[in-house]
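See structure below.
Numbering (UniProt numbering), first residue to last: 1 to 181.
What follows is the structure, encoded as structure tokens:
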């Protein structure tokens, strides 16, 4: 029976292969890498009754203190309604504080508290160890290729939003830090 002869509802017993030009090997590696990359933080988040949305908010507020709610919505590509519940929980539990913007009182800037910083570090530590172990299996000069590959996975129109400039230690600074220093 050929592909054209398979009827809707009939079981297909052959596995997908790369014959259609789809790189299933890399796709599967992403699935498995993502599963394992998120597993340790998921366990920690579960102890707080938090999920991955909380992780993303805590991460970006700690990486960019003073980020406005509008900027966070843009970074996460979610609706205000989706963010509201997560942000309320993080504020109510003392992980994040919200401050009125100095120039526009309607603007709300988000900052981590000591508790929020500790959570961000606890979530990032196992991920950092996993990345370090994977990079240790690659040649030192491969890091740049890996970073370019990952950046290439980001939609082109979103790449400028990601970081600003890469600095020597592989970390980035946003525009506010560049202007200040």
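Virtual Cβ for every residue (Gly too), placed ideally from N, Cα, C.
Buried or exposed: which applies to residue 155, given that a residue is buried once 16 or more other Cβ atoms fall within 10 Å of its Cβ?
Exposed, by the Cβ-count rule.
Residues in the same chain with beta-carbon distance under 7 Å from residue 159, minus the five sequence neighbours each way, listed in chain order, please.
151
Starting from the C-beta of residue 122, find all residues in its chain whose C-beta is less than 8 Å away, skip the five residues before and the five after it, and write them out in chain order.
44
Nearest-angstrom Cα separation, counted from residue 36 out to residue 143:
20 Å
How would you call residue 9, buried or exposed, if buried means at least 16 neighbouring beta carbons within 10 angstroms?
exposed
Residue 139 to residue 161 span [Cα, whole Å]:
29 Å
Applying the criterion that 16 or more other CB atoms from any shown protein chain within 10 Å of the CB defines a buried residue, is residue 7 buried or exposed?
exposed
Length of the line joining the Cα atoms of residue 86 and residue 14:
Each residue's alpha carbon lies about 42 Å from the other.
Taking the alpha-carbon positions, what's the residue 19 to residue 29 distance?
18 Å
Kindly indicate the opening and closing residues of the beta strand (DSSP E) around residue 98.
96 to 100
Apart from the five residues on each side of it in sequence, which residues of its chain come closer than 6 Å, Cβ to Cβ, to residue 41?
Around residue 41: 55 and 123.
Taking the alpha helix (DSSP H) that residue 109 belongs to, which residues open and close that run?
Element bounds for residue 109: not the alpha helix (DSSP H) but the beta strand (DSSP E), 108 to 112.
Nearest-angstrom Cα distance between residue 62 and residue 112?
6 Å
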